[in-house]
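Sequence lines, in order, name chains A and B.
Mapping of the first sequence onto this note's numbering: residues 305 to 761, in sequence order.
Mapping of the second sequence onto this note's numbering: residues 305 to 761, in sequence order.
Ideal Cβ positions, reconstructed from N, Cα and C, are used throughout, including at glycine.
Model, not experiment: these values are computed from the prediction.
Structure, as structure tokens:
Number of protein chains: 2
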Amino acid sequence: MWIRYGSVTDVTMDQIVSLCRRRGFVFPSSEIYGGLSSTYDYGHYGVLMKNEIRQAWLRAMVQERDDIVALDSAVILNPAVWEASGHVAGFTDPLVDCRTCKLRFRADKLEDSQCGKRPSKKPGEDAQCDLTEARQFNLMFQTQVGALEGASSTAFLRPETAQGIFINFKNVLQLARRKPPFGIAQTGKSFRNEITPGNFLFRVREFEQMEMEFFVPPADAPKWHEYWIEQRLDWHLGLGLRREMVRVRPHEAEELSHYSSATSDIEYLYPIGWQELEGVANRGDYDLTQHTKSSGTKLEFVGQDGERYVPYVIEPAVSIERIFVALLCDAYHEEVVGERERTVLRLSPRVAPVKAAVLPLISKDTGMATHARNLFEELRKRFSVEHDDSGQIGRRYRRQDEIGTPWAFTIDEQTLEDETVTVRDRDSLAQERIPISGVASWLSAALEQPWSPPAAA
Amino acid sequence: MWIRYGSVTDVTMDQIVSLCRRRGFVFPSSEIYGGLSSTYDYGHYGVLMKNEIRQAWLRAMVQERDDIVALDSAVILNPAVWEASGHVAGFTDPLVDCRTCKLRFRADKLEDSQCGKRPSKKPGEDAQCDLTEARQFNLMFQTQVGALEGASSTAFLRPETAQGIFINFKNVLQLARRKPPFGIAQTGKSFRNEITPGNFLFRVREFEQMEMEFFVPPADAPKWHEYWIEQRLDWHLGLGLRREMVRVRPHEAEELSHYSSATSDIEYLYPIGWQELEGVANRGDYDLTQHTKSSGTKLEFVGQDGERYVPYVIEPAVSIERIFVALLCDAYHEEVVGERERTVLRLSPRVAPVKAAVLPLISKDTGMATHARNLFEELRKRFSVEHDDSGQIGRRYRRQDEIGTPWAFTIDEQTLEDETVTVRDRDSLAQERIPISGVASWLSAALEQPWSPPAAA
Numbered sequence: 305m306w307i308r309y310g311s312v313t314d315v316t317m318d319q320i321v322s323l324c325r326r327r328g329f330v331f332p333s334s335e336i337y338g339g340l341s342s343t344y345d346y347g348h349y350g351v352l353m354k355n356e357i358r359q360a361w362l363r364a365m366v367q368e369r370d371d372i373v374a375l376d377s378a379v380i381l382n383p384a385v386w387e388a389s390g391h392v393a394g395f396t397d398p399l400v401d402c403r404t405c406k407l408r409f410r411a412d413k414l415e416d417s418q419c420g421k422r423p424s425k426k427p428g429e430d431a432q433c434d435l436t437e438a439r440q441f442n443l444m445f446q447t448q449v450g451a452l453e454g455a456s457s458t459a460f461l462r463p464e465t466a467q468g469i470f471i472n473f474k475n476v477l478q479l480a481r482r483k484p485p486f487g488i489a490q491t492g493k494s495f496r497n498e499i500t501p502g503n504f505l506f507r508v509r510e511f512e513q514m515e516m517e518f519f520v521p522p523a524d525a526p527k528w529h530e531y532w533i534e535q536r537l538d539w540h541l542g543l544g545l546r547r548e549m550v551r552v553r554p555h556e557a558e559e560l561s562h563y564s565s566a567t568s569d570i571e572y573l574y575p576i577g578w579q580e581l582e583g584v585a586n587r588g589d590y591d592l593t594q595h596t597k598s599s600g601t602k603l604e605f606v607g608q609d610g611e612r613y614v615p616y617v618i619e620p621a622v623s624i625e626r627i628f629v630a631l632l633c634d635a636y637h638e639e640v641v642g643e644r645e646r647t648v649l650r651l652s653p654r655v656a657p658v659k660a661a662v663l664p665l666i667s668k669d670t671g672m673a674t675h676a677r678n679l680f681e682e683l684r685k686r687f688s689v690e691h692d693d694s695g696q697i698g699r700r701y702r703r704q705d706e707i708g709t710p711w712a713f714t715i716d717e718q719t720l721e722d723e724t725v726t727v728r729d730r731d732s733l734a735q736e737r738i739p740i741s742g743v744a745s746w747l748s749a750a751l752e753q754p755w756s757p758p759a760a761a
Numbered sequence: 305m306w307i308r309y310g311s312v313t314d315v316t317m318d319q320i321v322s323l324c325r326r327r328g329f330v331f332p333s334s335e336i337y338g339g340l341s342s343t344y345d346y347g348h349y350g351v352l353m354k355n356e357i358r359q360a361w362l363r364a365m366v367q368e369r370d371d372i373v374a375l376d377s378a379v380i381l382n383p384a385v386w387e388a389s390g391h392v393a394g395f396t397d398p399l400v401d402c403r404t405c406k407l408r409f410r411a412d413k414l415e416d417s418q419c420g421k422r423p424s425k426k427p428g429e430d431a432q433c434d435l436t437e438a439r440q441f442n443l444m445f446q447t448q449v450g451a452l453e454g455a456s457s458t459a460f461l462r463p464e465t466a467q468g469i470f471i472n473f474k475n476v477l478q479l480a481r482r483k484p485p486f487g488i489a490q491t492g493k494s495f496r497n498e499i500t501p502g503n504f505l506f507r508v509r510e511f512e513q514m515e516m517e518f519f520v521p522p523a524d525a526p527k528w529h530e531y532w533i534e535q536r537l538d539w540h541l542g543l544g545l546r547r548e549m550v551r552v553r554p555h556e557a558e559e560l561s562h563y564s565s566a567t568s569d570i571e572y573l574y575p576i577g578w579q580e581l582e583g584v585a586n587r588g589d590y591d592l593t594q595h596t597k598s599s600g601t602k603l604e605f606v607g608q609d610g611e612r613y614v615p616y617v618i619e620p621a622v623s624i625e626r627i628f629v630a631l632l633c634d635a636y637h638e639e640v641v642g643e644r645e646r647t648v649l650r651l652s653p654r655v656a657p658v659k660a661a662v663l664p665l666i667s668k669d670t671g672m673a674t675h676a677r678n679l680f681e682e683l684r685k686r687f688s689v690e691h692d693d694s695g696q697i698g699r700r701y702r703r704q705d706e707i708g709t710p711w712a713f714t715i716d717e718q719t720l721e722d723e724t725v726t727v728r729d730r731d732s733l734a735q736e737r738i739p740i741s742g743v744a745s746w747l748s749a750a751l752e753q754p755w756s757p758p759a760a761a
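Structural data, given as structure tokens:
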């Protein structure tokens, strides 16, 4: 069943973590207090890049479509929502305690676990643990809403944004004058009290989901499922991921979630192996039926001709974090250019945190400094750009290469004579001269060009 | 001390709530389960408009400046952060219980409270309550991180994004090669377990903050405080708020937060009166000093010449919700045009959820339908636009007026003859003809024009 495309990547997660820390994409959270496991803060370039990913998703899912509307539901919903959805009863991991070291492990992931006091000697050998029976542990964070514990009610931080969509199905159906097929899209943070988080941003306690629930006539669900797998695969490739690093893998029957009749994962070949990048599930009528039962509000479509059914739901669901890591892994290259080593992120211009750098060749030259400053002021009204006048020009280029800036505009002596600048291309290293007055439209046009990753050197 | 500009607004909060519900800007959350008090979900137009507000803030605070970088820190930080910041001890409201009705009230807001069993007859009269002594109630939501309550640790949902910035001060100072004055900006959700929430989006349990901490040499703090009050006031006016509806009010000494040596509120004249739109505080060195003491990491600036100090912090802090409500209140008008009534949102094109509508005059006419469709497909690649072919043209205009769409492009019989369309202006109702091939650039230019609210009719 698996469709294999890729070869093994030679980028390590450590290289990505190190770059992220070094250039301020991502910091371990609460670092001055010893951190908080599996929690991260995003620095300047991380924020800019996440914004580009989110905007690209919203553009493809909402702005460029007729049939999908946006929603932004609350993190803390009425707790009855999570009873109805099955999360209170079933959103659990089985946990065991080790009587020797007192650590806690996931019963279904014991092969990855080690007793803290008596670790096994060989990889693959069983943990030398004296384990308790497995107990179910719910992954939802609980909190109390209201004044005091006695008088207040237990509520949950949402573990997925999808339920906020289902409970608004009727609102959207009525107000947005929609009928199936139509979709509701939402981005926002979800929270899971993971017991075995890890692998950098890969399994974190809070993450930003981008989910779209697409409501269709039941008979059309398989067709739409295939449609959305294709659409989402194309979208990821459009962000610049190399084709051979991405594959589609249908879930085996025993892998399926309780609500799903079919799921395919779009997987990326991360440094830790093939892993889910995005899941595209056929949730059937499970959720709307559950909420109809629990709330007493009929969540169904009634046509003008009396046609009446509970739509099936196709759900493409992804987190910004997994896209972020895939893009960085895919773009990361260490190479030798001339006699110099460089680290370069070959990011698609669309997702690069900075689109262009403006560099006066000799920063102490008043003419160059003024030209550079004016060009920068003009560009930053429309684009994310940087001005850098510190250090040798080669060093400035390498700083930009490392954060994936596609182009640099350099102001040099010739600029003062003929009002042209050089454009340096991050990937080809080619330089051409263009008029300084045409830089903004050159950049605008360059950003609209389709982009694909350059072939390996 | 108060600078009064405005007159009393004649829009009611009920009108705003009703419009938001009717057109899908905002829904009461978890409505099919009876709701959850003071929690709201945003529908399509609400999401689009919030995105515009957030983008405008990021553009002004990060993209167009040299001296501010972006950050996105976690919601759940190491709990030591909130000990150090003073929130565990001091982020409280004083509460009293009524022995008669068992309801709970804020001791400092008793004038707004009513005994549930024996309400007072006249407005302003004391609540007929038999009240307990006041007790302090912490407004931070608590949760447990880790596997089981015994083995896990109590953590808090952040009540402000600012602390996530302070604990990353050193990271940014080092990595972004900055020295004061410089700022760190962040948008994101914060959570407060408010006891007396209410007034629509005005006091809600989860809200999206936009905060910027600007680090300056201590002696320059008063100057920068004034600077940021001016900057932020200009920014709000640039979004289209009427000048007479906004004022600046310096806090009296007894109003100041424990960390603040001076705060000015930028206030808007909401239907419920003058209220904080944005606060601009001088936090002094309180936060960096507290985190230095608690973490052992020195959060200070050390210059190359050995200069050394703990920067003061100027903080402009606002929530998207308060801007959102102010913009809607400011833009809302009911008026009679010719013989017809209309509700119109005179929003600045910059924040309007939909920038333009494409309307085929006669939707069954194949030529008009095709022209309209092609124009729509072209525009939506770059702009948030709508295509509407259902119902009479007047009704379609009124639908767009009600959501604040600044322009409508109508395809009519003349379009088929000379390839022009009419542009209808939401505010002036003027119509002009322009070539259909020039619509995209017309719209692009129109969106870059400065905008101010039209004078009242």
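Task: Opening and closing residue of the beta strand (DSSP E) in which Ser748/A lies - done: Position 444 of the first sequence, counted from the first residue, corresponds to residue 748/A. Here Ser748/A belongs to no beta strand (DSSP E); instead the alpha helix (DSSP H) covers 743–752.
Task: Inter-residue Cα distance where the pair is Glu453/A and Ser322/B - done: Numbered from 1 along the first sequence, position 149 holds the residue referred to as residue 453/A. Numbered from 1 along the second sequence, position 18 holds the residue referred to as residue 322/B. For Glu453/A, the predicted structure reports a pLDDT of 47, less than 50, and the residue's modelled location is therefore unreliable. A value from the coordinates is still provided. Rounded to whole angstroms, Glu453/A to Ser322/B spans 34 angstroms at the Cα level.
Task: Neighbourhood of Gly468/A by C-beta, 6 angstroms cutoff - its chain only, sequence neighbours within 5 removed - done: Within the first sequence, numbered from 1, the residue matching residue 468/A stands at position 164. Counting only residues of its own chain and dropping the five nearest sequence neighbours on each side, Gly468/A has a CB closer than 6 angstroms to the CB of Ser377.
TODO: Could you please tell me which residues of the stretch 334–359 of chain B, in chain order, have their CB closer than 8 angstroms to any CB of chain A?
DONE: The residues in question are Ser334, Glu335, Ile336, Tyr337, Gly338, Gly339, Leu340, Thr343, Tyr344, Asp345, Tyr346, Gly347, His348, Gly350, Val351, Leu352, Lys354, Asn355.
Open item on the list: Going by DSSP, what residue range makes up the alpha helix (DSSP H) through Tyr590/A?
Closed with: Here residue 590/A corresponds to residue number 286 of the first sequence, with the count starting at 1. Counting along the chain, the alpha helix (DSSP H) containing Tyr590/A begins and ends at 590–599.
Open item on the list: For Gly468/B, report the span of its beta strand (DSSP E) as first-last.
Closed with: Position 164 of the second sequence holds residue 468/B. First-last for Gly468/B: 466–470, but that is the alpha helix (DSSP H), not the beta strand (DSSP E).
TODO: Check Ser341/B in the structure and name its three-state DSSP category.
DONE: Within the second sequence, the letter at position 37 stands for residue 341/B. The DSSP-derived three-state label of Ser341/B is coil.
TODO: Please go through the same chain and pick out, in chain order, the residues whose beta-carbon is closer than 6 angstroms to the beta-carbon of Tyr563/A, but skip the five residues on each side of it.
DONE: For the purposes of this step, residue 563/A is taken as residue 259 along the first sequence, with counting starting at 1. Answer for Tyr563/A: Arg587, Tyr590, listed in chain order.
Task: Min CB distance Ile697/B to chain A below 8 angstroms - done: The residue given as residue 697/B occupies position 393 in the second sequence. Using beta-carbon distances, Ile697/B does not count as an interface residue toward chain A, since no partner is under 8 angstroms.
Task: Closest residue to Glu580/A among Val351/A, Arg536/A, Leu362/A (Cα-Cα distance) - done: Numbered from 1 along the first sequence, position 276 holds the residue referred to as residue 580/A. Measuring from the Cα of Glu580/A, the nearest candidate turns out to be Arg536/A.
Task: Beta-carbon proximity list for Gln448/A, same chain, < 8 angstroms, skipping 5 on both sides - done: Walking along the first sequence from the start, residue 448/A turns up at place 144. Sequence-distant Cβ neighbours of Gln448/A in its own chain, meaning closer than 8 angstroms and more than five residues away, are Ser456, Ser457, Thr458, Ala459.
Open item on the list: At 3 residues or longer, what runs of the beta strand (DSSP E) sit wholly inside the stretch 641–699 of chain B?
Closed with: The qualifying runs are 644–649, 660–664, 689–691.
TODO: Work out the CA separation of Asp693/B and Asp716/B for me, nearest whole Å.
DONE: Here residue 716/B refers to the residue found at position 412 when the second sequence is read from its first residue. Here residue 693/B refers to the residue found at position 389 when the second sequence is read from its first residue. Cα to Cα, the separation comes out at about 12 angstroms.
TODO: Using the Cα positions of Lys406/A and Arg439/A, report the straight-line distance between them to the nearest angstrom.
DONE: Within the first sequence, numbered from 1, the residue matching residue 406/A stands at position 102. Within the first sequence, numbered from 1, the residue matching residue 439/A stands at position 135. Distance between the alpha carbons of Lys406/A and Arg439/A: 15 angstroms.
Open item on the list: I need the straight-line Cα distance from His348/A to Gly671/B, nearest angstrom please.
Closed with: For the purposes of this step, residue 348/A is taken as residue 44 along the first sequence, with counting starting at 1. For the purposes of this step, residue 671/B is taken as residue 367 along the second sequence, with counting starting at 1. One alpha carbon belongs to His348/A, the other to Gly671/B, and they sit about 49 angstroms apart.
Open item on the list: Contact criterion: CB-CB distance below 8 angstroms. Does Asn382/B meet it with respect to chain A?
Closed with: Counted from its first residue, the second sequence places residue 382/B at position 78. Taking Cβ atoms only, chain A reaches closer than 8 angstroms to Asn382/B, which makes this a yes.
Open item on the list: Which residue wins for smallest C-alpha separation from Arg677/B, given the options Glu368/A, Phe445/A, Val641/A, Ser748/A?
Closed with: Here residue 677/B refers to the residue found at position 373 when the second sequence is read from its first residue. Of all alpha-carbon atoms in Glu368/A, Phe445/A, Val641/A, Ser748/A, the one lying nearest the alpha-carbon of Arg677/B is that of Glu368/A.
Open item on the list: Could you check whether the stretch 679–686 of chain A touches the stretch 658–665 of chain A, counting it as contact only if at least three pairs of C-beta atoms, one from each stretch, sit closer than 8 angstroms?
Closed with: At 8 angstroms Cβ cutoff, the stretches touch.
Open item on the list: With H, G and I counted as helix, E and B as strand and the rest as coil, what does DSSP make of Glu534/B?
Closed with: Here residue 534/B corresponds to residue number 230 of the second sequence, with the count starting at 1. The answer is helix: DSSP assigns Glu534/B an H, G or I state.
TODO: Grab the span of the beta strand (DSSP E) containing Lys493/B for me, first residue to last.
DONE: Within the second sequence, residue 493/B is the residue found at index 189, counting from 1. Bounds of the beta strand (DSSP E) holding Lys493/B are 486–495.
TODO: Out of Asn475/A, Phe470/A, Glu515/A, point me to the one whose CA is closest to Thr491/A's CA.
DONE: Sequence index remark: in the first sequence, residue 491/A carries index 187 (1-based). Measuring from the Cα of Thr491/A, the nearest candidate turns out to be Glu515/A.
Open item on the list: Mapping the DSSP letters down to three states, classify Leu461/B as helix, strand or coil.
Closed with: In the second sequence, the residue the question calls residue 461/B occupies position 157. In this structure, Leu461/B counts as strand in the three-state DSSP scheme.
- [ ] Compare the Cα-Cα distances from Gly504/A to each of Ser334/A, Ser342/A, Lys668/A, Ala712/A and report the closest residue.
- [x] If you number the first sequence from 1, residue 504/A lands on position 200. Sequence inspection shows Phe at residue 504/A; the Gly mentioned does not correspond to that position. Out of Ser334/A, Ser342/A, Lys668/A, Ala712/A, the CA that lies nearest to the CA of Phe504/A is found in Ser342/A.
Task: With 16 other Cβ atoms within 10 Å as the buried cut-off, status of Ala734/A - done: The residue you call residue 734/A lines up with position 430 of the first sequence. With fewer than 16 Cβ atoms within 10 Å of its Cβ, Ala734/A is classed as exposed.
Open item on the list: Buried or exposed for Gly577/A, going by 16 or more other Cβ atoms inside 10 Å?
Closed with: Stepping through the first sequence from its first residue, residue 577/A is reached at position 273. Exposed.
TODO: Starting from Leu362/B, follow the alpha helix (DSSP H) in both directions and report where the run begins and ends.
DONE: Here residue 362/B refers to the residue found at position 58 when the second sequence is read from its first residue. It spans 348–362 - the alpha helix (DSSP H) in which Leu362/B sits, taken as one unbroken run.
- [ ] Tell me, please, whether the stretch 644–652 of chain B touches the stretch 327–343 of chain A by the rule of three or more beta-carbon pairs shorter than 8 angstroms.
- [x] Three or more Cβ pairs closer than 8 angstroms define a contact, and the stretch 644–652 of chain B falls short of that threshold against the stretch 327–343 of chain A.
Open item on the list: Is the separation between the beta-carbon of Arg462/A and that of Val400/A shorter than 8 angstroms?
Closed with: Your numbering for residue 462/A matches position 158 in the first sequence. Your numbering for residue 400/A matches position 96 in the first sequence. No, the pair does not count as a contact, with Cβ atoms beyond the cut-off.
Open item on the list: Tell me which residues share the same chain as Gly350/A and place their Cβ nearer than 6 angstroms to its Cβ, disregarding the 5 neighbours each side in the sequence.
Closed with: Taking the first sequence and counting its residues from 1, the one referred to as residue 350/A is at position 46. So the list reads Phe329, Val330, once near-sequence residues are dropped.
Task: Interface partners of Gln685/A on chain B, CB under 7 angstroms - done: Taking the first sequence and counting its residues from 1, the one referred to as residue 685/A is at position 381. It should be pointed out that residue 685/A corresponds to Lys in this sequence rather than to Gln. Here the neighbours are Glu368.
Open item on the list: In this structure, how does DSSP classify Ala759/B when only helix, strand and coil are distinguished?
Closed with: Taking the second sequence and counting its residues from 1, the one referred to as residue 759/B is at position 455. It is coil, neither helix nor strand.
Task: Identity of the residue in Phe519/A, Ala656/A, Gly583/A, Ala673/A nearest Tyr613/A by Cα - done: By one-based count along the first sequence, residue 613/A stands at place 309. With distances taken between Cα atoms, Tyr613/A lies closest to Phe519/A.
Open item on the list: So the candidates are Arg358/B, Glu530/B, Gly339/B; which of them puts its Cα closest to the Cα of Ala489/B?
Closed with: Residue numbering aside, residue 489/B sits at position 185 when the second sequence is read from its first letter. Measuring C-alpha to C-alpha distances from Ala489/B to each of Arg358/B, Glu530/B, Gly339/B identifies Arg358/B as the nearest.
TODO: Give me the Cα-Cα distance between Arg326/A and Tyr346/A, rounded to the nearest whole angstrom.
DONE: The residue you call residue 326/A lines up with position 22 of the first sequence. The residue you call residue 346/A lines up with position 42 of the first sequence. If you draw a straight line from the Cα of Arg326/A to the Cα of Tyr346/A, it is about 12 angstroms long.
Open item on the list: Buried or exposed for Ser745/A, going by 16 or more other Cβ atoms inside 10 Å?
Closed with: The residue given as residue 745/A occupies position 441 in the first sequence. When all chains shown are included, Ser745/A counts as exposed.
TODO: Please name the residue, chosen from Glu721/B, His595/B, His675/B, that lies closest to Phe713/B on a Cα-to-Cα basis.
DONE: Position 409 of the second sequence holds residue 713/B. Closest by C-alpha distance to Phe713/B, out of Glu721/B, His595/B, His675/B, is His675/B.
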